[in-house]
Amino acid sequence: MGLLVLAACQQQAGLSPQGFPPGDTYIAVLEPGLPDRARAAQKIATLEREYGLTISTEDRLEALGAVILRNLPPAKAERLAKDPRVYALSPDREVKAYAETVPWGVERIGAPTTTAKGAGVSVYVVDTGVKVGHEDLTNLMGGYAVVKCRGRCAAPYDDDNGHGTHVAGTIAAVANGKGVLGVAPQAELWAIKVLSRSGSGSTSDIVRGLNWVIAHDNGGKPKVINMSLGGSGADDQDGLYCPNVRSTDAFHNVIQKAVCDYKITVVVAAGNEGDDAQNHIPAAYDEVITVSATNSQDDWPSWSNYGADVDLAAPGVSILSTWNSSTQSYNTLSGTSMAAPHVSGAAALVLSHYPSYTPAQVKQALLQNAESTAGWNNTSGHPHPEPFLNVRGL
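Residue numbers (the working numbering): 24 to 417.
Below you can see the structure in the form of structure tokens.
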């Protein structure tokens, strides 16, 4: 049990025999102000001798002019409370770590209300890696590094940037009573490090990472890929979802294989250029679920990409999530990179209920459950008819 020495001391007169439960622990303050350590030590020794107490070295708090008394009978507690050498005597109190924070985005989409929690689903974070050993990411099962972590790294797929760790926390930070809560806290996470410590990479690196995900044996669980990344480019088969004649653009072709042939749901960020998403890949591809960003006022920032290729809107401004600077660190970021993992977590919720769903069925389930944004405030200067992610009822 944690112990708390209160700065505001109680007066002896405020105590009563009813305040002394049997066999309990107490904090006794002997020196009301800045203590004389030698005098405090002498007082502790005298009380120990006169009251027949056995006090461990760890409980002799000379620097505080205090002492912790354990398993103290009520009669002795009452006598000590009246002893002029005891300035204050207080029963020990239970203290707990503050409850975990539910980030506003996770709350806004209704994730804490769901019966589905993502169990039995694997989510692959194709990004800068994920912080190994983070207290809120104990569901990180492993990973693969195309671009190896540099610096102080616990594994090649450890995160030397922070971005991937932030994304992973929004998707599936565990429900452990501390830190933050993710959308799908019972999903398992896999770190696919394709971006460097500067946050940059190449489509060839992403293709290598996707190949590992496709080939990876995860025990037959449904798979979701989150790619909060992108570059310039266009959809060479615009308007066609999993066509019989596949794309001759290699990057698009690989994503078609992942979605259409291997039935892996792929979620991507729309981009932060304030531009039509049709000019950015993989956001422009019809096989993926493309996500724009909204703020806590249900409005779109001007930098969120838009257009017919955007499927859903999700929280992406001032999002609190896990961070890579330590195993207990958190950070607040904004971007469509922060919006996409809300949808990846939501896809995991759907698949935990319906593990045989194809990516098209997952997308349809999310759209059917989505909240219409007709009539919403939109000060972005860009069209945003896409509905808002909502997982209530899942």
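Cβ coordinates follow ideal geometry from the N, Cα and C atoms, glycine included. Quick caveat: nothing in here was measured; it's all calculated off a predicted structure.
Expected contact under 8 Å - CB spacing of residue i and residue j to nearest Å
{"i": "residue 328", "j": "residue 371", "result": "Actually they are not in contact, since the Cβ atoms of residue 328 and residue 371 sit about 24 Å apart, beyond 8 Å."}
{"i": "residue 407", "j": "residue 323", "result": "5 Å"}
{"i": "residue 314", "j": "residue 366", "result": "5 Å"}
{"i": "residue 153", "j": "residue 214", "result": "4 Å"}
{"i": "residue 139", "j": "residue 376", "result": "5 Å"}
{"i": "residue 158", "j": "residue 350", "result": "6 Å"}
{"i": "residue 292", "j": "residue 252", "result": "7 Å"}
{"i": "residue 262", "j": "residue 303", "result": "That belief does not hold up - the Cβ atoms of residue 262 and residue 303 are roughly 17 Å apart, past 8 Å."}
{"i": "residue 244", "j": "residue 90", "result": "Actually they do not touch by this definition, with Cβ atoms about 55 Å apart."}
{"i": "residue 74", "j": "residue 99", "result": "6 Å"}
{"i": "residue 340", "j": "residue 325", "result": "No, residue 340 and residue 325 are not in contact; Cβ-Cβ is about 11 Å, not under 8 Å."}
{"i": "residue 308", "j": "residue 258", "result": "5 Å"}
{"i": "residue 92", "j": "residue 147", "result": "About 54 Å; that fails the 8 Å criterion."}
{"i": "residue 208", "j": "residue 166", "result": "Between residue 166 and residue 208 the Cβ distance is about 19 Å, and since that is not below 8 Å, they are no contact."}
{"i": "residue 319", "j": "residue 126", "result": "Not quite, the Cβ-Cβ distance comes to about 10 Å (not below 8 Å), so this is no contact."}
{"i": "residue 85", "j": "residue 60", "result": "4 Å"}
Contacting residues, own chain, Cβ-Cβ under 6 Å from residue i (five flanking each side not counted)
{"i": "residue 169", "result": "217, 228, 231 and 232"}
{"i": "residue 226", "result": "274"}
{"i": "residue 399", "result": "321"}
{"i": "residue 71", "result": "78"}
{"i": "residue 88", "result": "53, 54, 58 and 63"}
{"i": "residue 360", "result": "251 and 292"}
{"i": "residue 405", "result": "329"}
{"i": "residue 272", "result": "259"}
{"i": "residue 40", "result": "With a pLDDT of 37 at residue 40, under the threshold of 50, the modelled position of this residue cannot be trusted; read the value that follows with caution. These residues qualify, in order along the chain: 101."}
{"i": "residue 120", "result": "Because residue 120 sits at a pLDDT of 40, beneath the cut-off of 50, its placement in the model cannot be relied upon, and the following sentence gives the value as read from the coordinates. Within the same chain, residue 120 has close Cβ partners 201."}
{"i": "residue 297", "result": "325 and 326"}
{"i": "residue 288", "result": "247, 370, 382 and 385"}
{"i": "residue 66", "result": "53 and 108"}
{"i": "residue 163", "result": "153 and 212"}
{"i": "residue 355", "result": "341 and 343"}
{"i": "residue 414", "result": "132, 133, 134, 137, 369 and 372"}
Contacting residues, own chain, Cβ-Cβ under 8 Å from residue i (five flanking each side not counted)
{"i": "residue 390", "result": "334, 335 and 410"}
{"i": "residue 107", "result": "none"}
{"i": "residue 161", "result": "197 and 199"}
{"i": "residue 172", "result": "152, 178, 179, 180, 181, 182, 183, 216 and 220"}
{"i": "residue 378", "result": "143, 144, 244 and 245"}
{"i": "residue 34", "result": "Per-residue confidence for residue 34 stands at a pLDDT of 28, beneath the threshold of 50, marking its modelled position as unreliable; the derived number appears in the next sentence. The answer, listed in chain order, is 111."}
{"i": "residue 103", "result": "49, 51, 70, 74, 92, 95, 109 and 112"}
Same chain only: Cβ atoms within 7 Å of residue i, ignoring 5 sequence neighbours per side
{"i": "residue 68", "result": "none"}
{"i": "residue 416", "result": "392"}
{"i": "residue 47", "result": "95, 114 and 115"}
{"i": "residue 364", "result": "190, 193, 194, 249 and 251"}
{"i": "residue 352", "result": "346"}
{"i": "residue 402", "result": "322"}
{"i": "residue 12", "result": "Nothing about residue 12 can be reported from this structure: the residues present for the chain run from 24 to 417 only."}
{"i": "residue 373", "result": "380, 385, 388, 389 and 417"}
{"i": "residue 222", "result": "151, 184 and 186"}
{"i": "residue 362", "result": "292, 314, 315, 316, 337, 338 and 339"}
{"i": "residue 235", "result": "167 and 215"}
{"i": "residue 270", "result": "259, 260, 276 and 279"}
{"i": "residue 224", "result": "170, 217 and 218"}
Which residues DSSP lists as bridging residue i, in chain order
{"i": "residue 339", "result": "Note: residue 339 sits in no beta bridge, so no partner."}
{"i": "residue 288", "result": "247"}
{"i": "residue 151", "result": "For residue 151, which the question treats as bridged, DSSP gives no partner whatsoever."}
{"i": "residue 198", "result": "Beta-bridge pairing links residue 198 to no other residue."}
{"i": "residue 167", "result": "215"}
{"i": "residue 67", "result": "DSSP, once it has assigned bridges, lists no residue as partnering residue 67."}
{"i": "residue 394", "result": "411"}
{"i": "residue 102", "result": "For residue 102, which the question treats as bridged, DSSP gives no partner whatsoever."}
{"i": "residue 47", "result": "95"}
{"i": "residue 435", "result": "Outside the shown range of the chain, which is 24 to 417, sits residue 435, and nothing can be said about it."}
{"i": "residue 350", "result": "Looking at the DSSP assignment, residue 350 forms no beta bridge with any residue, so it has no partner."}
{"i": "residue 111", "result": "52"}
{"i": "residue 145", "result": "211 and 246"}
{"i": "residue 329", "result": "299"}
{"i": "residue 344", "result": "354"}
{"i": "residue 160", "result": "In the DSSP output, where bridge partners are listed per residue, residue 160 has none listed."}
{"i": "residue 84", "result": "89"}
{"i": "residue 137", "result": "Residue 137 pairs with nothing; no bridge assigned."}
{"i": "residue 124", "result": "203"}
Residue-level contact to chain B via CB, residue i, 8 Å cutoff
{"i": "residue 155", "result": "No chain B is present in this structure, which holds just one protein chain."}
Checklist entry - Touch check for the stretch 202-221 and the stretch 124-140: three-plus C-beta pairs under 8 Å? => result yes
Checklist entry - At what residue ranges does the stretch 258-319 contain a whole run of the alpha helix (DSSP H), taking only runs of 4 or more? => result 273-279
Next on the checklist: Measuring CB atoms only, is the stretch 278-286 touching the stretch 177-195, in the sense that at least three cross pairs come out at less than 8 Å?
Outcome noted: no
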